[in-house]
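Visitor: In this note's numbering, the protein residues as written are 1 to 422.
C-beta atoms are modelled at their ideal positions from N, C-alpha and C, and glycine is treated no differently.
Model, not experiment: these values are computed from the prediction.
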């Protein structure tokens, strides 16, 4: 190998090293590949699609379904208020000891300051939950104060305008506004997606499973309204048998006389009161149509479709006014399942709030750490819950007296809140 070729080879390696980030170790990469990472028609600057290539135009449609379909509106309303039960913030020092005195004041001031013009943090979370259960995702953006030394405000982000793309393996969040794309800031943009599929960053709305069922439901309602108006009431069917044509009566006079008799009979029926009876010759028959009608088959059909809508919203029938079993057993079991789902969702929201509170403490330069505990809903039977909690405490004290657990373990068991209250 010539000296010139060796020099050229080393020069190319030197230039390659210069192009790498200085003083930075190479970022380890996974052996697997994320969805839409390669061998796809998407370019490096294209936005990642929604799961199953769902059109982004469906996101505003979800809002329309929430606002216009009663069952969907009720389910979103119920989910939002089941989860929006408040939270508590515990502040400790970075090493786990007692936090600085001003740390709690900083956390309280943040909760009172953000979104102050529209209900404060409670109003912001109300918007957050509404978006989460409508679009399957919710997003917030932190607005830093002067010199980025504190959080000035937190604003909601319309998730139907958010797009993600990959840049050298890293996810970037963008917002499409009036045909322009805006890069959302790393570290200040928070996105929570429910039911994500693998590496796809977007959340999946539970309304995605409903358009077909809702179409059938609304058509059934429309057909039911027409049929009820047409056949919902009993009707009289009057049959008039014309008498024989009189001798010497022309055909034209006969037809005129029959038409006059028919009009007179119709006028008599139209002007009859509800307590008046009709007396005619035996050439008039009066029958009642639908006199034995009691129920419509529409209700059974609509209920079957309605149950599909409720299931698609991950909601229990008892919380939407339907209950097909015993009031206590069936309804209590459903509410317990819903509470478990609320706890799962609120863990994600609690982790998000923890990050935001810790960001405020870090910007303030305080050596403290915040931990958020989301409150939950009590069970239906409060007495049964209190009895179980009392027995749990008694068992912990017995184990302590027997020397099977230490004081710290017993203290954690006694002071811990039950999961339904977190």
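1) With H, G and I counted as helix, E and B as strand and the rest as coil, what does DSSP make of residue 252?
2) Can you name the residues that DSSP bridges to residue 173?
3) So what's residue 313 in DSSP terms, helix, strand or just coil?
4) In the DSSP output, what is residue 181 paired with across the bridge?
5) For residue 56, does the three-state DSSP call read helix, strand or coil?
6) Pair every Cβ in the region 366–381 with every Cβ in the region 111–124, then say whether three or more of these pairs are closer than 8 Å.
7) Based on the DSSP secondary-structure assignment, which residues constitute the bridge partners of residue 236?
8) To which residues of the same chain is residue 355 closer than 8 Å at the C-beta, ignoring the five residues directly before and after it?
9) Can at least three beta-carbon pairs, one atom from the region 141–160 and one from the region 55–64, be found at a separation below 8 Å?
10) Can you list, in chain order, the residues of its chain whose CB lies under 7 Å from that of residue 423, leaving out five sequence neighbours each side?
11) In three-state DSSP terms, what is residue 369?
12) According to DSSP, simplified to helix, strand and coil, what is residue 21?
13) Quick test of your reading: residue 137 and residue 69, contact by CB under 8 Å. State the CB separation rounded to the nearest angstrom.
14) Using only the alpha-carbon positions, how far apart do residue 184 and residue 220 sit?
15) Use the C-beta contact count for residue 306: other C-beta atoms within 10 angstroms, 16 or more gives buried, fewer gives exposed.
16) Taking residue 415 as part of the beta strand (DSSP E), name the residues at either end of that continuous run.
17) Measure the beta-carbon distance from residue 423 to residue 51 and round it to whole angstroms, keeping in mind my assumption that it falls under 8 Å.
18) With H, G and I counted as helix, E and B as strand and the rest as coil, what does DSSP make of residue 197?
19) Counting along the chain, where does the alpha helix (DSSP H) carrying residue 70 start and finish?
20) Are the beta-carbon atoms belonging to residue 207 and residue 236 less than 8 Å from one another?
21) Just tell me which of 78, 96, 103, 73 has its CA closest to the CA of residue 364.
22) Which residue's Cα is closest to the Cα of residue 303: 214, 348, 279, 389?
23) Spatial neighbours of residue 88 within its chain, please: C-beta separation below 8 Å, excluding the five flanking residues on both sides.
24) Excluding sequence positions up to five away, which residues of its chain have a Cβ less than 6 Å from the Cβ of residue 342?
25) If you draw a straight line from the alpha carbon of residue 249 to that of residue 261, how long is it in whole angstroms?
26) On a Cα-Cα basis, can you pick out the residue from 310, 56, 245, 239 that is closest to residue 287?
27) What does a CB cutoff of less than 8 Å around residue 21 pick up in its chain, not counting 5 residues either side in sequence?
28) From which residue to which residue does the beta strand (DSSP E) around residue 140 run?
29) Using a Cβ-Cβ cutoff of less than 8 Å, which residues in the same chain neighbour residue 39 once the five nearest sequence positions on both sides are dropped?
30) Taking the Cβ atom as the reference point for each residue, do residue 144 and residue 154 lie within a distance shorter than 8 Å?
31) In or out: residue 409 buried (at least 16 other Cβ within 10 Å) or exposed?
32) Sorted by chain position, which residues of the same chain lie with C-beta nearer than 6 Å to residue 266's C-beta, five sequence neighbours on each side aside?
33) In angstroms, rounded to a whole number, what distance separates the CA positions of residue 404 and residue 397?
34) Determine the contact status of residue 72 and residue 309, defining contact as a CB-CB distance below 8 Å.
35) Alpha carbon to alpha carbon, what distance is there between residue 407 and residue 391?
36) What separation, rounded to the nearest whole angstrom, lies between the Cα atoms of residue 79 and residue 401?
Guide: On the basis of the supplied data:
1) In the chain shown, the residue the question calls residue 252 occupies position 252. In this structure, residue 252 counts as helix in the three-state DSSP scheme.
2) One-based indexing of the chain shown puts residue 173 at position 173. Answer by DSSP bridge pairing, in chain order: 164.
3) Locating residue 313 in the chain shown gives position 313, counting from the first residue. Correct three-state label for residue 313: coil.
4) In the chain shown, residue 181 corresponds to position 181, counting from 1. 176, per the DSSP bridge assignment.
5) Numbered from its first residue, the chain shown carries residue 56 at position 56. Reduced to three states, the DSSP call for residue 56 is coil.
6) no
7) Translated into the one-based positions of the chain shown, residue 236 becomes position 236. According to DSSP, which records beta bridges pairwise, residue 236 is partnered with 288.
8) Taking the chain shown and counting its residues from 1, one reaches residue 355 at position 355. Within the same chain, residue 355 has close Cβ partners 190.
9) yes
10) Any property of residue 423 remains undetermined from this structure, which presents the chain solely from 1 to 422.
11) On the chain shown, residue 369 is found 369 positions in, with the first residue counted as 1. Correct three-state label for residue 369: strand.
12) In the chain shown, counting from the first residue as 1, residue 21 sits at position 21. Confidence in residue 21 is poor, its pLDDT being 44 and thus under 50, which makes the residue's placement unreliable; the coordinate value appears in the next sentence. DSSP places residue 21 in coil when its eight states are reduced to three.
13) Here residue 137 is taken as the residue at index 137 of the chain shown, counted from 1. Here residue 69 is taken as the residue at index 69 of the chain shown, counted from 1. Actually they do not touch by this definition, with Cβ atoms about 20 Å apart.
14) The residue you call residue 184 lines up with position 184 of the chain shown. The residue you call residue 220 lines up with position 220 of the chain shown. Their backbone Cα atoms lie some 44 Å apart in a straight line.
15) Here residue 306 corresponds to residue number 306 of the chain shown, with the count starting at 1. Residue 306 is buried by the Cβ-count criterion.
16) For the purposes of this step, residue 415 is identified with residue 415 of the chain shown, where counting begins at 1. First-last for residue 415: 407–415, but that is the alpha helix (DSSP H), not the beta strand (DSSP E).
17) This structure cannot settle anything about residue 423, because the visible part of the chain is limited to 1 through 422.
18) Walking along the chain shown from the start, residue 197 turns up at place 197. Looking at residue 197 - three-state DSSP - the assignment turns out to be coil, as it is neither helix nor strand.
19) Here the question's residue 70 lines up with position 70 in the chain shown. First-last of the alpha helix (DSSP H) with residue 70: 70–83.
20) Indexing the chain shown from 1 puts residue 207 at position 207. Indexing the chain shown from 1 puts residue 236 at position 236. Cβ atoms of residue 207 and residue 236: not closer than 8 Å.
21) The count along the chain shown starts at 1 and reaches residue 364 at position 364. The residue with the shortest Cα to Cα distance from residue 364 is 103.
22) Along the chain shown, read from residue 1 onward, the residue named residue 303 stands at position 303. The candidate whose alpha carbon is nearest that of residue 303 is 214.
23) Locating residue 88 in the chain shown gives position 88, counting from the first residue. Here the set comprises 372, 373, 375.
24) For the purposes of this step, residue 342 is taken as the residue at position 342 of the chain shown. Contacts found: 82, 83.
25) Locating residue 249 in the chain shown gives position 249, where the first residue counts as 1. Locating residue 261 in the chain shown gives position 261, where the first residue counts as 1. Those two C-alpha atoms are separated by around 16 Å.
26) Looking up residue 287 in the chain shown gives position 287. The option with the nearest alpha carbon to residue 287 is 239.
27) Taking the first residue of the chain shown as 1, we reach residue 21 at position 21. Note that residue 21 scores a pLDDT of 44, beneath 50, so its modelled location is shaky and nothing firm can be said.
28) Counted from its first residue, the chain shown places residue 140 at position 140. Boundaries of the beta strand (DSSP E) harbouring residue 140: 137–144, taken from the DSSP string.
29) Position 39 of the chain shown, counted from the start, is the residue given in the question as residue 39. Because residue 39 sits at a pLDDT of 49, beneath the cut-off of 50, its placement in the model cannot be relied upon, and the following sentence gives the value as read from the coordinates. Answer for residue 39: no residue qualifies.
30) Residue 144 sits at position 144 when you count from the first residue of the chain shown. Residue 154 sits at position 154 when you count from the first residue of the chain shown. No. Outside cutoff.
31) Translated into positions along the chain shown, residue 409 becomes position 409. With fewer than 16 other Cβ atoms within 10 Å, it is exposed.
32) To locate residue 266, count along the chain shown from 1; it is residue 266. Shown here for residue 266: not one same chain residue has a beta carbon closer than 6 Å to its own, the five before and five after excluded.
33) By one-based count along the chain shown, residue 404 stands at place 404. By one-based count along the chain shown, residue 397 stands at place 397. Going from the Cα of residue 404 to the Cα of residue 397 covers about 10 Å.
34) Locating residue 72 in the chain shown gives position 72, where the first residue counts as 1. Locating residue 309 in the chain shown gives position 309, where the first residue counts as 1. Against a cut-off of 8 Å, the Cβ pair of residue 309 and residue 72 comes out as a contact.
35) As a working note, residue 391 is residue 391 in the chain shown. As a working note, residue 407 is residue 407 in the chain shown. If I take the Cα positions, the gap works out to 18 Å.
36) Counted from its first residue, the chain shown places residue 79 at position 79. Counted from its first residue, the chain shown places residue 401 at position 401. C-alpha separation (whole angstroms): 44 Å.
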